[in-house]
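Here the structure is laid out as structure tokens; the discussion comes afterwards.
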Amino acid sequence: MTQDELFKVLVAHCKEYGFIFPSSEIYDGLAAVYDYGQMGVELKNNIKQYWWNAMTRLNENIVGIDSCIFMHPRIWEASGHVGAFNDPLIDNKDSKKRYRADVLIEDFLAKIEEKVNKEVEKGRKRFGDAFDEAQFRATNPNVLREMAKYDEVHARYKKAEDANDLAEYRQIIIDNNIVCPISGTCNWTDVRQFNLMFSTSMGSTAEGANTIYLRPETAQGIFVNYLNVQKTGRMKIPFGIAQIGKAFRNEIVARQFIFRMREFEQMEMQFFIKPGTELEWFAKWKEQRMKWHVNIGMGAENYRFHDHEKLAHYANAATDIEFQFPFGFKELEGIHSRTNWDLGRHQQYSGRKIEYFDPEEGAAYTPYVVETSIGVDRMVLAVLSHSLKEEKLDNGETRVVMSIPAPLAPVKAAVLPLVKKDGLPELAQKIMDDLKYDFNCQYEEKDSIGKRYRRQDAIGTPFCITVDHQSLEDGCVTVRERDTMSQERVKIEDLRALIDKRVNLNNLLRNL
Ligand code: GAP
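Written out as structure tokens, the structure reads:
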């Protein structure tokens, strides 16, 4: 299966097993908006809990808040979002479809890379063991021709990006005959800036209504509460404020399932520090956040840093933590050294002094900020896309298993009476009633035990507990482990400890 096909399988699996549904599906859906189902919400909550506890419990100098989605409209002027939170937009005049000009060019470049890779694979097949990839890339005329085109377009694109030259974006598209996938024509409008913020009005009468925005990031809710938290919490610099909440962006190109949504959730932490110490803290948070990711157990090789060469005007360092999604390495989290830009702007726009009196320095200053910002939904996608596997079993059958890291799994244990009679359901229900206070458990008695195991594999349940006739006599049950499918007899009173050892989130947190 190609990566594309695998991704389609994942999307279908997420729907079939209650992880993620297209929003408003009975009305044919709403583009780039998704609902979490009964399994998805549990996974999402576990991810949020892992992040929240790692931030606020493991760091005595980090506290949490929950600010509102609606905020004073001046906030978005101060933050620069009204003026500059834009994407370059282009329309095809024939299909009337709308695209991001930069994405059209990036897709074109990705296609060239794909062509080159295909050529290399052909060479590998043709020459077998004697194949020297470096030499092939340096001498094969097809590869050289494609790479020359790639370098030329890439250089023009980067120059246009740096200069924010929208006319040049359009010219690159025209010169390379990049066509609309729907109409197949190159009949493009000019490129123009499109603001990504959603707006609505607040107030009961049309005349008195104010335009307000749905927040495009949670970070500004933290900045505008800096003084409140610092004073009421008697926080001493360095300290952090963490927040989890919804954010909204009117993305022009919304693709790749929950990777790029119009309504999504962020987990952000702003760390307030003394000016001049920001690069040291930036390095620390880079290390800390990578540790948090790798600790989940999805393979260190699936993460990498991508340091930004082009920095936003307010930043003096920035990096992305990228994850290997089915469509390649892509941004999962951003870590930014934002200087004192945000607090400084709010000071200027609100007229309120936003400073910290540093007793050690005997002076006041506007703190600098290092921010860590991760999308909850991207994290859900990382876990789901990494975990879904189709396995060939020894008996020739295949099974679909979601090997979700056990502490994040939606259901921790399924309690299954072997048959629906002879007192087995009663004993199974008793076990369920005992375990449910510690773990999210499922009780299932319908279908054969094999089918029930498969259903639990498909939602990623680490343990299946089967109650059989012998259980009534010896007080033991069969525990089947999801990944190895190994089975062992366990005393009912030992179940809690056995499950807890694998699924307790604190075990993950202790490794940080
Ligand atoms: N406060 C900084 C900030 O918002 P960002 O790089 O724009 O920075 C941070 O966003 C993270 O939010 C991203 O790394 C990504 O995980 C997530 N994110 C951004 N836009 C998203 C979207 N449209 N859909 C889903 N997640 C998104």
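One rule links them: number in the numbering used here = place in the sequence shown (from 1) + 3. Glycine is no exception: its CB is placed at the ideal position from the N, C-alpha and C atoms.
Mark residue 328 as exposed unless 16 or more other C-beta atoms lie within 10 angstroms of its C-beta, in which case mark it buried.
buried
First and last residue of the alpha helix (DSSP H) that includes residue 337?
It is not in any alpha helix (DSSP H) - residue 337 instead sits in the beta strand (DSSP E) that spans 331–340.
Local conformation of residue 240 per DSSP, three classes
coil
Rounded to whole angstroms, what's the CA-CA distance from residue 149 to residue 111? Just pull it up for me.
12 Å
Name the two residues that bound the continuous beta strand (DSSP E) containing residue 199.
First-last for residue 199: undefined, no H or E at that position.
Measure the Cβ-Cβ separation of residue 79 and residue 216 and say whether it is below 8 Å.
yes
Output the residue ranges of the alpha helix (DSSP H) runs that lie fully inside the region 67–114 and measure 4 residues or longer, sorted by chain position.
76–81, 84–87
Expressed to the nearest angstrom, what Euclidean distance is found between the alpha-carbon atoms of residue 315 and residue 445?
48 Å
Reference residue 36; option with closest CA among 511, 259, 189
259
Between the beta-carbon of residue 255 and the beta-carbon of residue 381, is there less than 8 Å?
no
At which residues does the alpha helix (DSSP H) containing residue 503 begin and terminate?
498–506
Straight-line CA distance for residue 72 to residue 218?
6 Å
Are residue 434 and residue 270 closer than 8 Å when you measure CB to CB?
no
Indicate whether the contact test is met: 3 or more Cβ pairs, each with one atom in the region 354–365 and one in the region 86–98, closer than 8 Å.
no
Using alpha carbons as the reference points, say which of 443, 386, 397 lies closest to residue 499.
443
Closest by CA to residue 182, which one among 107, 142, 247, 163?
107
Cβ shell of residue 517 (< 7 Å), same chain only, five flanking positions each side left out
Beyond the ends of the chain as shown, which are 4 and 515, falls residue 517; an answer cannot be given.
Do residue 80 and the ligand GAP come close, with the Cβ less than 7 Å from some heavy atom?
no
CA-CA distance, residue 34 and residue 257?
7 Å
For residue 274: DSSP bridge partner residues:
243, 373
Does the Cβ of residue 310 lie closer than 7 Å to at least one heavy atom of the ligand GAP?
no
Within the chosen definition, does the region 388–395 reach the region 306–320 through at least 3 CB pairs nearer than 8 Å?
no
Does DSSP put residue 429 in a helix, a strand or coil?
helix
Report the rounded CA-to-CA distance for residue 275 versus residue 70, giving the unit in angstroms.
18 Å
Using a threshold of 8 Å, state whether the C-beta atoms of residue 385 and residue 335 are closer than that.
yes
Below 7 Å, is the gap between the Cβ of residue 267 and the nearest heavy atom of the ligand GAP?
yes
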